[in-house]
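> This is the structure I have questions about; it appears just below.
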Amino acid sequence: MGVRGVPGIAQVGVQSTSEQGVELGRVFPELDPESKPVSTDTTGVDATRTDATRTDATRTDATRTDATRTDATRTDATSADSAGSDAVAGDDVRKIHVWRRFRFEAAHRLVNVPPDHQCGRMHGHGFEVILHAQQRFGGPSDGLAEKTASSGSHYDQLGAIWSPLHAELDHRCLNDLPGLENPTSELLAFWIWQRLKAVLPELSLVSVYETATAGCHYDGREYRIWKELRFEGALRLTKAPAPDARRRLHGHSYLLRLHLTAPLDEVLGWTVDYGDVKALFKPIYAQLDHHELNGLPQLADPSAAGIARWIRRAVADVLPQADRLELTERPGCGVLLCWGASVPRREVTVLPL
Numbered sequence: 107m108g109v110r111g112v113p114g115i116a117q118v119g120v121q122s123t124s125e126q127g128v129e130l131g132r133v134f135p136e137l138d139p140e141s142k143p144v145s146t147d148t149t150g151v152d153a154t155r156t157d158a159t160r161t162d163a164t165r166t167d168a169t170r171t172d173a174t175r176t177d178a179t180r181t182d183a184t185s186a187d188s189a190g191s192d193a194v195a196g197d198d199v200r201k202i203h204v205w206r207r208f209r210f211e212a213a214h215r216l217v218n219v220p221p222d223h224q225c226g227r228m229h230g231h232g233f234e235v236i237l238h239a240q241q242r243f244g245g246p247s248d249g250l251a252e253k254t255a256s257s258g259s260h261y262d263q264l265g266a267i268w269s270p271l272h273a274e275l276d277h278r279c280l281n282d283l284p285g286l287e288n289p290t291s292e293l294l295a296f297w298i299w300q301r302l303k304a305v306l307p308e309l310s311l312v313s314v315y316e317t318a319t320a321g322c323h324y325d326g327r328e329y330r331i332w333k334e335l336r337f338e339g340a341l342r343l344t345k346a347p348a349p350d351a352r353r354r355l356h357g358h359s360y361l362l363r364l365h366l367t368a369p370l371d372e373v374l375g376w377t378v379d380y381g382d383v384k385a386l387f388k389p390i391y392a393q394l395d396h397h398e399l400n401g402l403p404q405l406a407d408p409s410a411a412g413i414a415r416w417i418r419r420a421v422a423d424v425l426p427q428a429d430r431l432e433l434t435e436r437p438g439c440g441v442l443l444c445w446g447a448s449v450p451r452r453e454v455t456v457l458p459l
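Laid out in structure tokens, this is it:
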């Protein structure tokens with residue numbers, strides 16, 4: 107799968123099953139922290155991208171498939187099948203990103219929440235974990251990157267590394283495990299990172315799905331959570347060229363994933379309560395769901411990109427921790443909008459569907 111000669115393509119990925127995939131990406135020096143320092147002054151910076159492939163940009167279900175990913179910071183990718191040919195041709199440095207998803211069934215309760223909080227009661231989840239491994243590619247290496255270019259053994263390696271943890275976590279009460287006395291998504295991601303980083307130096311991210319619509323990333327430095335919501339909206343794109351069908355009144359079932367980055371609360375063990383995110387977003391949601399979006403105040407263009415920018419403005423005061431959103435208007439089509447410190451520091455992780 108060659109993408110040379112198509113400079114607008116920032117990233118391409120290939121999924122072999124719904125549980126695993128691989129991406130190969132160019133490193134842009136101005137965005138890569140390993141190349142040179144990057145300013146963190148990003149006030150007012152945003153990046154929007156429409157992706158017609160959109161099979162790895164958002165997620166609605168823990169079992170849904172994924173294949174490619176969108177990335178507002180341009181870390182591009184191409185398939186492992188072409189890793190030895192024009193995927194690595196040229197002068198730019200590339201990185202390869204391999205991921206695999208795992209699942210375990212467990213009980214837990216959060217011990218420091220208020221007495222009336224539902225998460226303080228003993229309950230359980232079908233937890234899902236995605237291990238992400240990333241490495242520079244094209245030079246001498248005996249790690250996952252070179253193995254990816256020639257075989258599927260990288261998936262087996264991730265599976266072998268995960269297997270001991272699965273034995274500890276599956277069909278257990280997480281509160282009983284040392285280090286997980288308060289097993290929030292954030293602290294579970296941290297616990298997994300601490301256990302695996304030494305044996306998998308290429309580990310770049312741990313993603314934990316507590317439910318199908320909420321979860322957490324941890325990359326060894328900071329925590330990012332997300333919350334998903336759906337809304338139904340009607341619209342017409344009056345600026346579309348005639349006789350484009352989008353000029354007519356039509357509608358979409360939208361999927362929104364809102365991302366937030368915040369320091370860890372050392373007492374509660376989370377960054378922001380998922381329930382608080384949903385509650386604070388509710389007045390904004392009420393303006394979107396089951397409405398004609400052309401009627402929204404200060405929304406001149408109800409395209410996916412226009413709606414994403416409108417949501418960004420709407421959440422600025424009520425959820426200041428928000429720094430990214432993904433909006434899918436239909437399968438295969440959506441946008442990713444990033445702002446704040448998430449833009450230039452490094453590639454922005456996009457989870458599978």
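Start counting the sequence shown at 107; every next residue gets the next number (my numbering).
Glycine included, each C-beta is placed from N, C-alpha and C at the ideal position.
Is DSSP giving V421 helix, strand or coil here?
helix
> Comparing alpha-carbon positions, which option in R227, L264, W376 and G446 lies nearest C322?
Nearest C-alpha to C322 among R227, L264, W376 and G446: W376.
> Report the start-end ranges of each beta strand (DSSP E) in the region 302–385 that is 3 residues or longer and not cut off at the edges.
309–317, 320–324, 329–341 and 356–367
> For I413, which of Q427, A428, E432 and R353 has the nearest alpha-carbon?
E432
> Here's the rule: buried if 16 or more other CB atoms are within 10 angstroms of the residue's CB, otherwise exposed. What is A392?
exposed
> With a 10 Å radius around its C-beta and 16 neighbouring C-beta atoms as the bar for buried, classify S256 as buried or exposed.
Residue confidence is low: S256 scores 47 on pLDDT, short of 50, so the model does not pin down where it sits. No coordinate-derived value is stated.
> Report yes if the CB atom of H260 is closer than 8 Å to the CB atom of V312, and no otherwise.
Taking 8 Å as the Cβ cut-off, H260 and V312 do not qualify as a contacting pair.
> Applying the criterion that 16 or more other CB atoms from any shown protein chain within 10 Å of the CB defines a buried residue, is S310 buried or exposed?
With 16 or more other Cβ atoms within 10 Å, it is buried.
> Does the region 222–233 come close enough to the region 383–400 that 3 or more CB-CB pairs lie under 8 Å?
No: the two stretches stay apart, fewer than three of their Cβ pairs being nearer than 8 Å.
> According to the Cβ coordinates, are Y360 and T290 closer than 8 Å?
no
> If you draw a straight line from the C-alpha of R415 to the C-alpha of W445, how long is it?
10 Å
> For F208, tell me which candidate among N218, K201, F233 and P221 has the shortest Cα-Cα distance.
F233
> Just to confirm, are R278 and A212 a CB contact at a threshold of 8 Å?
yes
> Going by the CB atoms, is the gap between L343 and R353 shorter than 8 Å?
yes
> What number of angstroms, rounded off, separates the C-alpha of H231 from the C-alpha of H272?
H231 and H272: Cα-Cα distance of roughly 14 Å.
> Would the region 365–373 and the region 391–411 be scored as touching if the rule is three or more Cβ pairs under 8 Å?
Three or more Cβ pairs closer than 8 Å define a contact, and the region 365–373 falls short of that threshold against the region 391–411.
> CA-CA distance, D371 and T319?
22 Å
> Go through its chain and collect everything with a Cβ distance to R336's Cβ below 6 Å, but skip five positions before and after it.
L361, listed in sequence order.
> Out of R301, N281 and N288, which has the shortest C-alpha to C-alpha gap to N218?
Considering only alpha carbons, the answer is N288.
> Between L216 and L237, is the Cβ-Cβ spacing less than 8 Å?
no
> Per DSSP, what kind of secondary structure is G232 in: helix, strand or coil?
In the structure shown, the three-state DSSP call for G232 is strand.
> Considering only the beta carbon of each residue, do H397 and G339 sit closer than 8 Å?
yes
> Quick one: is H358 buried, meaning 16 or more other Cβ sit within 10 Å of its Cβ, or exposed?
buried
> Skipping 5 residues on each side, what residues in its chain have a beta carbon closer than 7 Å to that of W268?
F208 and L237
> Kindly give me the distance between the Cβ atoms of H223 and L280, rounded to whole angstroms, as I take these residues to be in contact under 8 Å.
In fact, because the Cβ distance is near 17 Å, the residues do not count as touching under 8 Å.
> Taking only three categories from DSSP, how would you classify L394?
Helix.
> What are the boundary residues of the beta strand (DSSP E) that includes C225?
Neither: C225 is in no beta strand (DSSP E) and is coded neither H nor E.
> What does the alpha-carbon distance come out to for the pair D429 and R327?
16 Å
> With distances taken from CA atoms, which of F210, W297 and L306 is nearest Q240?
L306
> Start and end of the beta strand (DSSP E) containing G401?
In this chain, G401 is not harboured by any beta strand (DSSP E), its DSSP state being neither H nor E.
> Could you say which of P389, R330, T317 and Q300 lies nearest to D423 if we only look at CA atoms?
P389
> Looking at the unbroken beta strand (DSSP E) that takes in E435, where does it start and where does it end?
A428 to R436
> Kindly indicate which residue of G438, E308, L302 and V314 has the alpha-carbon position closest to the one of L293.
V314
> Please state the DSSP three-state secondary structure of G440.
strand
> Look up A406 in the DSSP assignment and say whether it is helix, strand or coil.
Reduced to three states, the DSSP call for A406 is coil.
> Can you confirm whether H238, when its beta carbon is compared against all beta carbons of chain C, has any partner nearer than 8 Å?
Although the question refers to chain C, the structure presented lacks it and comprises just one protein chain.
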